[in-house]
Amino acid sequence: MEGRETPTRPSRTTPSSPRVTPALVKRPRFQTLARFWEGQDVLARWTDGLLYLGIIKKVDSAQETCLVRFEDNSQFSVLWKDIFPPAVPGKEQLCCVCNSQSCTSDNKLVHCGKCKHAYHQECHVPSVPSDTDSPGSSWMCRQCVFAVATKRGGALKKGPYARSMLHMKLSLPYQLKPLEWDPLHLTNKQQCYCYCGGPGEWNMKMLQCCRCLQWFHEACTQCLSKPLLYGDRFYVFECSVCTRGPENAWRLPLAWVDVSHLVLYHLSICCKKKYFDFEREILSFVNENWESLLLGDLTDTPRSERYSNLLHALTAQKDRFISGKEIKKKKCLFGLQSRVPPPAPQSTVTELRLQETDVRSPAPCVREDGGPETPPTQNKDAKHSAKDAEGEAEAAESCYTGSYTKSTQS
Ligand SMILES: [Zn+2]
Ligand SMILES: [Zn+2]
Ligand SMILES: [Zn+2]
Ligand SMILES: [Zn+2]
1 MEGRETPTRP SRTTPSSPRV TPALVKRPRF QTLARFWEGQ DVLARWTDGL
51 LYLGIIKKVD SAQETCLVRF EDNSQFSVLW KDIFPPAVPG KEQLCCVCNS
101 QSCTSDNKLV HCGKCKHAYH QECHVPSVPS DTDSPGSSWM CRQCVFAVAT
151 KRGGALKKGP YARSMLHMKL SLPYQLKPLE WDPLHLTNKQ QCYCYCGGPG
201 EWNMKMLQCC RCLQWFHEAC TQCLSKPLLY GDRFYVFECS VCTRGPENAW
251 RLPLAWVDVS HLVLYHLSIC CKKKYFDFER EILSFVNENW ESLLLGDLTD
301 TPRSERYSNL LHALTAQKDR FISGKEIKKK KCLFGLQSRV PPPAPQSTVT
351 ELRLQETDVR SPAPCVREDG GPETPPTQNK DAKHSAKDAE GEAEAAESCY
401 TGSYTKSTQS
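Counting in UniProt numbering, the sequence shown runs from 1 upward without gaps.
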């Protein structure tokens, strides 16, 4: 298999099993041939956008899925489009997209230096420039670039892999238009999201592009200064396809009720329980992750006032929160009335979309690390641009992890 270190699989953010899916991804006929078989080692893309090692237990041709057993012994049905087998020795002369080996002078077969799969220049997305397969050059396919560059908390921002990834991200490996969405544009029937075309869950650390409305994995984006919380929709985000360059992300302002709701939702997903102790779990999570929450105008709030503001929000908003007192438990416990993320700041996004034809430079001013220099002028609510140092993002990641462990143990 490929030399990617495989992260431990987050078995708890389990998606609903994939539904029957027409393969929109650009690798059709090959799929129906003997591409998958029982006992085969594969990489499978999970709903977080990351690839995990697994072994095929069963092939279902009617549903176009395989039952895959992962390293943590969990078994899930995975769509063919999300399964990547290694190159088969002896078949390197066949294009892994169209399964043909016929070439023309301007559409030759090129080989990925990492996975050894062959691609026609025109079968790969984006198409491969002609000078690529010359001796000495080591070209890497889209799958391999993503396998290296995607990370929890956000993809690589600097270096050659980050640049290759950005280049790949300018085009999608599937068609956006035929996707069939639910009325709220949160999920599509094809289970096809992001630059990677993988499965996804909108409330599990994904960002929605305010222009094309597609959802993108945190792990595949290169613009975030802090890792996302589950259900965090307080961003305005523009994808690389829409900007034709680096992504943009701007933090939207949060009120205390939003902070309370977001933290309770995040904790309830992490810890899989409903009620949390105000001081020991909610407030301590907020304090520990204070910088990473990117709270804009609230950032200067002293610790003593955070206590009263959060408590007030939790007790006042009875339509959103339920206290332990109401269910004859300790009154210092709080939970969500229903386990849903905080409502999206709709007006702002709509406003931005309506004004998207406004005068603005086609490629907004963006720094090398992907963070915007200035928020878009037409979006008056986007006060806090996400442009902090990369090191802070890493610190925040460990911070989240620490808190998660802590909360789980309590
Ligand atoms: Zn992705
Ligand atoms: Zn081909
Ligand atoms: Zn490759
Ligand atoms: Zn977009």
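No residue lacks a Cβ here, since even glycine has one placed at the ideal position from N, Cα and C.
Using three-state DSSP, classify M140 as helix, strand or coil.
Of the three classes helix, strand and coil, the one that applies to M140 here is coil, per DSSP.
Contacting residues, own chain, Cβ-Cβ under 6 Å from R27 (five flanking each side not counted)
Because the pLDDT at R27 is just 47, under 50, the model does not fix this residue reliably, and the value given afterwards should be weighed accordingly. Closer than 6 Å at the Cβ level, and outside the excluded window around R27, lie V97.
Which listed residue (S77, V110 and F84) has its alpha carbon closest to that of E92:
V110
What is the DSSP secondary structure of P28, reduced to helix, strand or coil?
Because the pLDDT of P28 is 44, which lies under 50, any placement of that residue in the model is unreliable, and the question is left without a value.
Are the beta-carbon atoms belonging to residue 413 and V263 less than 7 Å from one another?
The chain is shown from 1 up to 410; residue 413 falls before or after that span and cannot be answered.
Through-space distance from C95 to K114, alpha-carbon basis
15 Å
Delimiting residues of the alpha helix (DSSP H) encompassing Y275:
Run containing Y275: none; DSSP gives neither H nor E here.
Taking the continuous alpha helix (DSSP H) assigned at K169, which residues delimit it?
Counting along the chain, the alpha helix (DSSP H) containing K169 begins and ends at P160 to K169.
Alpha carbons only, please: which of S164, S268, K158 and G153 is nearest the one belonging to R142?
S164
Are there 16 or more other CB atoms within 10 angstroms of the CB of E201, so buried, or fewer, so exposed?
buried
Reduced DSSP category for A395 - H, G, I as helix; E, B as strand; rest coil
At A395 the pLDDT is 33, less than 50, meaning the model places this residue with poor confidence and gives no usable figure here.
Run through DSSP, which three-state label would S100 get?
coil
Ligand 1 and H217: does the residue's C-beta get closer than 6 Å to at least one heavy atom of that ligand?
It does: the Cβ of H217 is within 6 Å (strictly closer) of some heavy atom of ligand 1.
Considering only residues of the same chain and omitting the five flanking positions on each side of V148, which have a CB-CB separation below 6 Å?
Y161
Indicate whether the contact test is met: 3 or more Cβ pairs, each with one atom in the region 35 to 49 and one in the region 210 to 228, closer than 8 Å.
The region 35 to 49 vs the region 210 to 228: in contact.
For C242, report the span of its alpha helix (DSSP H) as first-last.
Counting along the chain, the alpha helix (DSSP H) containing C242 begins and ends at S240 to T243.
Smallest Cα separation from Y195: which of Q63, V125 and P302?
V125
Does ligand 3 have a heavy atom nearer than 6 Å to the CB of H117?
yes
Taking the CB atoms as reference points, tell me whether E71 and L43 lie closer together than 7 Å.
no
Tell me whether Q222 is buried or exposed, calling it buried when 16 or more other Cβ atoms sit within 10 Å of its Cβ.
buried
Three-state secondary structure assigned by DSSP to C95
strand
For my contact list, Y265 and R320 are in at a C-beta cut-off of 8 Å; report their separation, rounded to the angstrom.
10 Å between Cβ atoms; not a contact.
What is the DSSP secondary structure of C220, reduced to helix, strand or coil?
C220: helix per DSSP, three-state reduction.
Simplified DSSP assignment, three categories, for V88
Assigned with DSSP and collapsed to three states, V88 falls in coil, not helix or strand.
Once DSSP output is grouped into helix, strand and coil, what is the label at D369?
Bear in mind that the predicted position of D369 carries a pLDDT of just 42, short of 50, making it too unreliable to give a figure here.
In angstroms with no decimal places, state the Cα-to-Cα distance between L213 and S308.
37 Å
At the level of alpha carbons, what is the spacing between E38 and P178?
32 Å
Taking 6 Å as the cut-off, is the CB of C141 close to at least one heavy atom of ligand 2?
no
When S74, K57, K81 and Q317 are compared against R45, the one with the closest alpha-carbon
K81
Please report how far the alpha carbon of K331 lies from the alpha carbon of D300, in whole angstroms.
28 Å
Would DSSP call N289 helix, strand or coil?
coil
Which same chain residues end up closer than 6 Å to L314 when comparing Cβ atoms and leaving out the 5 residues on each side of it in sequence?
S260, F321 and F334
Can you give me the start and stop residues for the alpha helix (DSSP H) that H312 sits inside?
R303 to A316
May I ask you to verify whether the region 274 to 284 touches the region 234 to 251, counting CB pairs closer than 8 Å and requiring at least 3?
no
Within the structure, which residues are defined as neighbours of ligand 4 by a Cβ-heavy atom distance below 7 Å, reported in chain order?
The filter returns C209, R211, C212, Q214, E238, C239, V241 and C242, in chain order.
Buried or exposed for C209, going by 16 or more other Cβ atoms inside 10 Å?
buried
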